[in-house]
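As given, the protein sequences belong to chains A and B, one line each in that order.
Mapping to this note's numbering: the first sequence position 11 is -9, numbers consecutive.
One rule links them: number in this note's numbering = place in the second sequence (from 1) + 4.
In this text, a Cβ means the ideal position worked out from N, Cα and C, and glycines have one as well.
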Amino acid sequence: SQQGEEDPQALSIQEGENATMNCSYKTSINNLQWYRQNSGRGLVHLILIRSNEREKHSGRLRVTLDTSKKSSSLLITASRAADTASYFCATDVGGAQKLVFGQGTRLTINP
Amino acid sequence: EAGVAQSPRYKIIEKRQSVAFWCNPISGHATLYWYQQILGQGPKLLIQFQNNGVVDDSQLPKDRFSAERLKGVDSTLKIQPAKLEDSAVYLCASSLEAQETQYFGPGTRLLVL
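What follows is the structure, encoded as structure tokens:
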């Protein structure tokens, strides 16, 4: 079974708008990571947020983590066509050494 | 810094044939991962190595899949014999330590006919 579940499964917005994706998980974690995957490519790491952190920023990306609700969100501000990709959250399962990836959110930015 | 290298990039085989994939991780990375990604899904961990020891292979179909990490550096993943449902992208990743940021290779796209 999946540890992380992204929501929505697909999102289509206009260039310049903000995009928000959510991730829910089931067990306690040490950290949560977000990755991006362009079509036909490998995954690229975006942000790692640890369980004792609530918010992290990287450029136009903002990630929040609510451990009480077992959820995280990824916000992309001022979206660009190049942001079109699939976005995955990944968590360690109960502190195990491996990461479990969700099914992903497919984001499309329309020019 | 060179990234994770994988070869081949594409492979087409017939069912019941065998196939092997190769991965060269980032220098100095102790942890190496092989993932299977079926179209439209997230990556599923097949096997995780810490140096040349196996940390997790709970989702590796051991009757047909095998993997090794030679001298704690390069790794090969083999499928023998292949089935139609093995059609997927096989991703290799590495990290300095487990649970930390993973760096992915471009993947090998396998089509089994």
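Rounded to whole angstroms, what's the CA-CA distance from residue i to residue j? Just pull it up for me.
| i | j | result |
| --- | --- | --- |
| A:LYS36 | B:ALA92 | 33 Å |
| B:PRO85 | B:GLU18 | 10 Å |
| B:GLN52 | A:PRO91 | 40 Å |
| B:SER70 | A:GLU(-14) | 31 Å |
| B:GLY44 | A:ARG34 | 30 Å |
| A:GLY39 | B:GLY76 | 35 Å |
| A:ARG42 | A:LEU79 | 21 Å |
| A:PRO(-12) | B:SER31 | 37 Å |
| B:GLY109 | A:TYR5 | 26 Å |
Going by DSSP, name the residue or residues bridged to residue i.
| i | result |
| --- | --- |
| A:ARG21 | Beta-bridge pairing links A:ARG21 to no other residue. |
| B:LYS82 | B:ALA24, B:SER70 |
| A:ASP46 | A:SER51 |
| B:LEU100 | Paired residues: none, contrary to the question. |
| A:ALA61 | In the DSSP output, where bridge partners are listed per residue, A:ALA61 has none listed. |
| A:LEU41 | A:SER38, A:ILE56 |
What does residue i touch in chain A if you count any residue whose Cβ is under 8 Å from its own?
| i | result |
| --- | --- |
| B:ALA102 | GLN77, LYS78 |
| B:TYR107 | HIS25 |
| B:LEU95 | GLY22, LEU23 |
Could you check if residue i is buried or exposed, using at least 16 other CB atoms within 10 Å of its CB as the buried criterion?
| i | result |
| --- | --- |
| A:THR99 | What is shown of chain A runs -19 to 91, which leaves residue 99 of chain A out entirely. |
| B:ARG73 | buried |
| A:LEU26 | buried |
| A:TYR67 | buried |
| B:ASP67 | exposed |
What in chain C is Cβ-close to residue i, meaning under 8 Å?
| i | result |
| --- | --- |
| B:PRO47 | Within the model displayed, chain C is absent; protein chains A and B are what it includes. |
Name, please, each residue of chain B whose Cβ falls closer than 8 Å to the Cβ of residue i.
| i | result |
| --- | --- |
| A:ASP(-13) | Those within 8 Å of A:ASP(-13) in chain B number zero; the least Cβ separation is about 13 Å. |
| A:LEU28 | GLU104, THR105 |
| A:ASN10 | GLN103 |
Check the Cβ of residue i against every Cβ in chain B and list those closer than 7 Å, keeping chain order.
| i | result |
| --- | --- |
| A:ASN18 | Those within 7 Å of A:ASN18 in chain B number zero; the least Cβ separation is about 11 Å. |
Quick one: list the residues of chain A neighbouring residue i, beta-carbon separation under 7 Å, in chain order.
| i | result |
| --- | --- |
| B:GLY32 | What B:GLY32 touches in chain A: nothing, since even the nearest Cβ is about 17 Å away. |
By the criterion of Cβ-Cβ separation under 9 Å, what are the contact partners of residue i in chain A?
| i | result |
| --- | --- |
| B:PRO110 | GLY20, ARG21, GLY22 |
Going along chain B in order, which residues have a C-beta closer than 9 Å to the C-beta of residue i?
| i | result |
| --- | --- |
| A:ASP72 | ALA102, GLN103 |
### Query
Using a beta-carbon distance cut-off of less than 9 Å, what residues from the region 79 to 90 of chain A approach chain B?
For the region 79 to 90 of chain A, the residues whose beta carbon sits under 9 Å from a beta carbon of chain B are, in order, LEU79, VAL80, PHE81, GLY82, GLN83, GLY84, ARG86.
### Query
Given a limit of 7 Å on CB to CB distance, which residues of the region 50 to 75 of chain B reach chain A?
So the close ones are GLN52, VAL59, ASP60.
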